[in-house]
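For the sequence shown, my numbering begins at 43 and goes up steadily by one. To keep things clear, I will list the structure first and then write my remarks on it.
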Amino acid sequence: MAMPASITRISDVCLLVENIERTVDFYVEKLGFRLRRRAEGFADFHGEGVTLAAWELDHINRHTGVSNQRSPRHAHKVCIAVQLDSPTDIDRLHGELSARGVPFYGPPENYVWNARCAYFTDPDDTLWELYAWLDGGPGDYHDEQP
Numbered sequence: 043m044a045m046p047a048s049i050t051r052i053s054d055v056c057l058l059v060e061n062i063e064r065t066v067d068f069y070v071e072k073l074g075f076r077l078r079r080r081a082e083g084f085a086d087f088h089g090e091g092v093t094l095a096a097w098e099l100d101h102i103n104r105h106t107g108v109s110n111q112r113s114p115r116h117a118h119k120v121c122i123a124v125q126l127d128s129p130t131d132i133d134r135l136h137g138e139l140s141a142r143g144v145p146f147y148g149p150p151e152n153y154v155w156n157a158r159c160a161y162f163t164d165p166d167d168t169l170w171e172l173y174a175w176l177d178g179g180p181g182d183y184h185d186e187q188p
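As structure tokens, then:
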């Protein structure tokens, strides 16, 4: 019996980017992704569980009519989160990526939601979060309501 179609079955996260060459260079050279497919205005990468793709704004606009309007610089529209096994992995990966020129907002820190996190951006200002739970895991943390 076939499973019914479900909106929750996310297979790909596609970044809408200004320049596909710049994006491929960043994700392959700086972050270490392996290129899976490359076409005009498009690329995707091997991922674990979810495929990361990039589609040039002008290309998707030309072919589908989707808007190619750019967000202002530093206006984040999405955050891609990567869970690592331990807080020490955050520090190690922060060091490795920083050495390759990946622009972090600052060094890794421990946050009130009981995770050690570090934040960086790609050439289109897509925000990435590296995180690992501290002792006790996610628990039941919630922001205080006013």
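Ideal Cβ positions, reconstructed from N, Cα and C, are used throughout, including at glycine. It should be emphasised that the depicted structure is a prediction, and the values quoted were computed from it without experimental measurement.
Assuming contact is defined by CB atoms lying nearer than 7 Å, are residue i and residue j in contact in what I supplied?
i      : j      : result
Arg158 : Pro145 : no
Asp167 : His116 : yes
Leu172 : Ala160 : yes
Asn156 : Gly178 : yes
Leu169 : His105 : no
Asp133 : Ala174 : no
By alpha-carbon positions, which one of the options ends up nearest to residue i?
i      : options                         : result
Pro180 : Trp170, Val154 and Leu169       : Val154
Ser140 : Asp164, Ser109 and Ser113       : Asp164
Glu98  : Ala81, Thr50 and Leu77          : Ala81
Leu73  : Glu60, Val59, His105 and His88  : His88
Leu57  : Asp86, Asp182 and Glu138        : Asp86
Asn61  : Arg79, Ala96, Pro114 and Arg142 : Ala96
Leu94  : Asn103, Arg112 and Val66        : Val66
What is the rounded straight-line gap between the Cα of residue i and the Cα of residue j?
i      : j      : result
Phe84  : His136 : 28 Å
Val59  : Gln125 : 24 Å
Glu138 : Val108 : 37 Å
Glu90  : Pro114 : 31 Å
Ile52  : Val92  : 7 Å
Arg64  : Val70  : 10 Å
Thr50  : Ala123 : 17 Å
Taking the runs of the beta strand (DSSP E) that are 3 residues or longer, which of them lie wholly in the region 116-144?
121-125
Which ranges would you report for the alpha helix (DSSP H) in the region 79-117 if only whole runs of at least 4 residues count?
99-106
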